[in-house]
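Counting from 1, one number per residue, gives the positions in the sequence shown under full-length UniProt numbering. Glycine included, every Cβ here is placed at the ideal spot set by N, Cα and C. Structure first, then comments.
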Amino acid sequence: MNATASVKDPRSVEHVITGQATSDGAGVKLTRVITQNLQRRLDPFLMLDNFGSDNPDDYIAGFPNHPHRGFETITYMIAGRMLHEDSKGNKGLLENGGVQWMTAGRGVFHSEIPQQEEGVMEGFQLWLNLPAKDKMCTPWYRDFKNTDLPQFTTPEGVAVTVIAGSSHGVEGAVSREGTEPLYLDLHLPASTQFEQTLPATHNAVVFVYRGEVKVGGQMVGDKRMAILNNVGDGVVIEASADAKALLIAGKPLNEPIAQYGPFVMNTEQEIRQALQDFREGTLA
1 MNATASVKDP RSVEHVITGQ ATSDGAGVKL TRVITQNLQR RLDPFLMLDN
51 FGSDNPDDYI AGFPNHPHRG FETITYMIAG RMLHEDSKGN KGLLENGGVQ
101 WMTAGRGVFH SEIPQQEEGV MEGFQLWLNL PAKDKMCTPW YRDFKNTDLP
151 QFTTPEGVAV TVIAGSSHGV EGAVSREGTE PLYLDLHLPA STQFEQTLPA
201 THNAVVFVYR GEVKVGGQMV GDKRMAILNN VGDGVVIEAS ADAKALLIAG
251 KPLNEPIAQY GPFVMNTEQE IRQALQDFRE GTLA
């Protein structure tokens, strides 16, 4: 996914989504933007959560130890500090602008606990599906500090962080052959635009988390997600005032999805096996 060439036929907006307010973990308040009923449409992405509050009661208990199997989690922290630990003995402190990329594979237990008692805690967690052939792979994870993430500024002044994929000739921190994810954080100053070429086969969304932008000529407001039509050679995002948005795209797996909570497999039998492994203590 490279955007060295300009977009000639911009994708339009198919639908604008307002996220669902919910809570997860030990009562962390968040907005779920990609929900289970969008998994087929937005394959290979399974979930996108936006958590954010300056009230410690909304986040202080965090996400105590919980299992995962069959997919990847990408946690992007834009404010606050979160300690990650897993059953493999990995531990890392995720701070402002940092990313943790975890491949649960055949199974891992994981906890995410805030390391602050006051102040703003804000970020995103994206769930990326794994191809059937990789679902039982060995778990893997890596922490990236903000300074580890490839970044560039366009001639117009748009600041781009390339978490995954490739943009304007800049390779991201992570690449995946099966799903080819693109994950960009865009900071658009007033009166600027950003172009990114996209294969027509790849599903794509734009989530606005500050201000508002125009996507394919349609206004997308704060805390709204635009699902892009799969027609055109890319996307054009315009900002009349300062705005920040995530651009996320990926190659569909076109495989069956069977999900039970933190387990995402291809068949109900595989889900039953995951539950049995969990009960017998052999998941991780």
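| query | result |
| --- | --- |
| Residues that Thr161 bridges to, as DSSP identifies them | Gln151 and Asp185 |
| Through-space distance from Glu117 to Thr73, alpha-carbon basis | 25 Å |
| Start-to-end residues for the beta strand (DSSP E) that takes in Ala249 | Ala243 to Gly250 |
| In chain order, each alpha helix (DSSP H) run of at least 4 residues that lies wholly inside the region 17-55 | none |
| Nearest neighbour of residue 296, chosen from Gln39, Ser53 and Phe263 [CA to CA] | Residue 296 falls outside the range modelled here, since the chain spans only 1 to 284, and no answer is possible. |
| Rounded straight-line distance, which links the Cα of Gly105 to that of Glu156 | 41 Å |
| Local Cβ density within 10 Å of Glu112, reported as buried at 16 or more and exposed below that | buried |
| Burial state of Pro64 (16 or more Cβ within 10 Å) | exposed |
| CB contact flag (Gly217, Phe144, <8 Å) | no |
| The region 125-135 in contact with the region 41-49 per 3-pair CB rule at 8 Å | yes |
| Simplified DSSP assignment, three categories, for Glu122 | strand |
| Status (buried if at least 16 other CB within 10 Å, exposed otherwise) for Asn254 | exposed |
| Within 8 Å, strictly: CB atoms of Asn229 and Asn203 | no |
| Nearest residue (CA-CA) to Thr147, options Val264, Lys133 and Ile163 | Ile163 |
| Contact check, Arg81 vs Pro114, beta carbons under 8 Å | yes |
| Status (buried if at least 16 other CB within 10 Å, exposed otherwise) for Glu280 | exposed |
| Exposure label - Arg69; buried when at least 16 CB within 10 Å | buried |
| Validate contact between the region 229-247 and the region 257-272 using beta carbons, cut 8 Å, 3 pairs | no |
| Spatial neighbours of Leu83 in its chain, beta-carbon cut-off 6 Å, leaving aside the 5 residues before and after | Leu93, Ile113 and Gln115 |
| Proximity to Gly165 [Cα-Cα], best of Arg210, Ala284 and Thr197 | Thr197 |
| Contacts around Val236, its chain only, beta-carbon distance under 8 Å, and the 5 residues preceding and following it disregarded | Val7, Pro10, Gln193, Phe194, Glu195, Val215 and Gly216 |
| Phe161 classed as buried or exposed, judged by whether at least 16 other C-beta atoms fall within 10 angstroms | Going by the sequence as given, residue 161 is Thr instead of Phe. Looking at its Cβ environment, which holds 16 or more other Cβ atoms inside 10 Å, Thr161 is buried. |
| Range of the contiguous alpha helix (DSSP H) that encloses Arg210 | First-last for Arg210: Asn203 to Arg210, but that is the beta strand (DSSP E), not the alpha helix (DSSP H). |
| Length of the line joining the Cα atoms of Ala26 and Asp233 | 42 Å |
| Neighbour-count burial assignment, Ala190, 16 or more Cβ in a 10 Å radius | exposed |
| Member of Ala258, Glu212 and Val205 whose CA lies at the smallest distance from the CA of Glu14 | Val205 |
| Per-residue DSSP class, three states only, for Ala61 | coil |
| Distance CB(Val213)-CB(Leu188) smaller than 8 Å | yes |
| Minimum C-alpha distance to Gly119 - residue among Asn90, Pro256 and Ala79 | Ala79 |
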